[in-house]
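So the structure is just underneath, and the comments pick up after that.
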Amino acid sequence: MLRAIVFRRFSGALVFALVAASPLLAQQPPLSLCLVQTKPDAATQYNPSAGAWAIELDKLLSAQRLRSGAPLQITVLAASVEKDIQPEVRRLQCPYVVKLSYQGSLSPVWRYAKDAYGDSLLFSLSNGPSEKIIAQGASPIRLIHGQDRPPPSPLVSEPVPCAAVTQQIMKSLNKLP
Numbered sequence: 314m315l316r317a318i319v320f321r322r323f324s325g326a327l328v329f330a331l332v333a334a335s336p337l338l339a340q341q342p343p344l345s346l347c348l349v350q351t352k353p354d355a356a357t358q359y360n361p362s363a364g365a366w367a368i369e370l371d372k373l374l375s376a377q378r379l380r381s382g383a384p385l386q387i388t389v390l391a392a393s394v395e396k397d398i399q400p401e402v403r404r405l406q407c408p409y410v411v412k413l414s415y416q417g418s419l420s421p422v423w424r425y426a427k428d429a430y431g432d433s434l435l436f437s438l439s440n441g442p443s444e445k446i447i448a449q450g451a452s453p454i455r456l457i458h459g460q461d462r463p464p465p466s467p468l469v470s471e472p473v474p475c476a477a478v479t480q481q482i483m484k485s486l487n488k489l490p
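So the sequence shown is numbered by this note's numbering: it starts at 314 and just counts up by one.
Rendered as structure tokens:
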């Protein structure tokens, strides 16, 4: 009789422990990626050093989860010229890399017309080790009316191009195996 009671309590505790632990066992590991904003040349300096677009995109992506439920683990690199990115990616062993770049329009008319979309925020998602491009995309940037140069940041443009880029990146990440 005592054995039966002890066995039932032990069985009940074991079932409870398994049920309580099952959400922990079902959690997906995070998908790691590095995020970097490219600079047009080595002399260009950004404040913050990662670049305003990278900081804004990090905020938006960090709040996302993949369809599988896996969170994103993002490492934001300091803004760099293209040739300096891959050595840092190798050093950090980034499985995936999102590169951002700002492309200004060639025509001054585009820069100051109220409804013109001449500038763009471009991104590429690549496999870190192989550098194979998985996805590319862009979002138009429209400066807030009357805004002068220097190059825009998320704070001086409308609509927020990082939101559109975030959606494109998440769509691509959800297709990964």
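Ideal placement from N, C-alpha and C gives every residue a C-beta, glycine not left out.
Next on the checklist: I'd like to confirm the pairing. Which residues does DSSP put opposite V478 in its beta bridges?
Outcome noted: Within the sequence shown, residue 478 is the residue found at index 165, counting from 1. Per DSSP, none; premise fails for V478.
Checklist entry - For the beta strand (DSSP E) that contains K304, what are its first and last residues? => result There is no way to answer for residue 304, as the model of the chain reaches only from 314 to 490.
Checklist entry - Going by the CB atoms, is the gap between E401 and L390 shorter than 8 Å? => result As a position in the sequence shown, residue 390 is number 77, starting the count at 1. As a position in the sequence shown, residue 401 is number 88, starting the count at 1. Cβ distance < 8 Å, so L390 and E401 count as in contact.
Checklist entry - DSSP on N440, reduced to helix/strand/coil? => result As a working note, residue 440 is residue 127 in the sequence shown. It is a strand residue.
Next on the checklist: Quick test of the definition: if touching needs 3 or more C-beta pairs under 8 Å, does the stretch 375–383 touch the stretch 346–361?
Outcome noted: no
Checklist entry - Taking just the CA atoms, how far does D371 sit from C407? => result Translated into positions along the sequence shown, residue 407 becomes position 94. Translated into positions along the sequence shown, residue 371 becomes position 58. Cα-Cα distance, rounded: 15 Å.
Checklist entry - What is the residue span of the alpha helix (DSSP H) that S375 lies within? => result Translated into positions along the sequence shown, residue 375 becomes position 62. Its alpha helix (DSSP H) spans residues 365–375.
Item to check | CB contact flag (V411, I482, <8 Å) | outcome: On the sequence shown, residue 411 is found 98 positions in, with the first residue counted as 1. On the sequence shown, residue 482 is found 169 positions in, with the first residue counted as 1. Their beta carbons are under 8 Å apart, which means V411 touches I482 by this criterion.
Item to check | Separation of L435 from A448, as counted between CA atoms | outcome: Position 135 of the sequence shown, counting from 1, holds the residue named residue 448. Position 122 of the sequence shown, counting from 1, holds the residue named residue 435. Cα to Cα, the separation comes out at about 11 Å.
Item to check | Residue from A376, V349, R378, P353 whose Cα sits closest to the Cα of A367 | outcome: Start at 1 with the first residue of the sequence shown, and residue 367 comes out as number 54. When each option's Cα is compared against that of A367, the closest is V349.
Next on the checklist: Let me confirm a value: A376 is counted as buried when at least 16 other C-beta atoms fall within 10 Å, else exposed. Which label applies?
Outcome noted: The sequence position of residue 376 within the sequence shown is 63, counting from 1. The residue is exposed, with fewer than 16 neighbouring Cβ atoms inside 10 Å.
Item to check | Opposing strand residues paired with G450 [DSSP bridges] | outcome: Mapped onto the sequence shown, residue 450 falls at position 137. DSSP output for G450 lists F436 as bridge partner(s).
Checklist entry - Can you tell me whether DSSP reads Q350 as helix, strand or coil? => result Translated into positions along the sequence shown, residue 350 becomes position 37. Here Q350 sits in strand by DSSP.
Checklist entry - Can you tell me whether S393 is buried or exposed, with buried defined as 16 or more other CB within 10 angstroms of its CB? => result Within the sequence shown, residue 393 is the residue found at index 80, counting from 1. S393 comes out buried.
Checklist entry - Can you list, in chain order, the residues of its chain whose CB lies under 7 Å from that of S452, leaving out five sequence neighbours each side? => result The count along the sequence shown starts at 1 and reaches residue 452 at position 139. Contacts found: S433, L434, P474, A477, V478.
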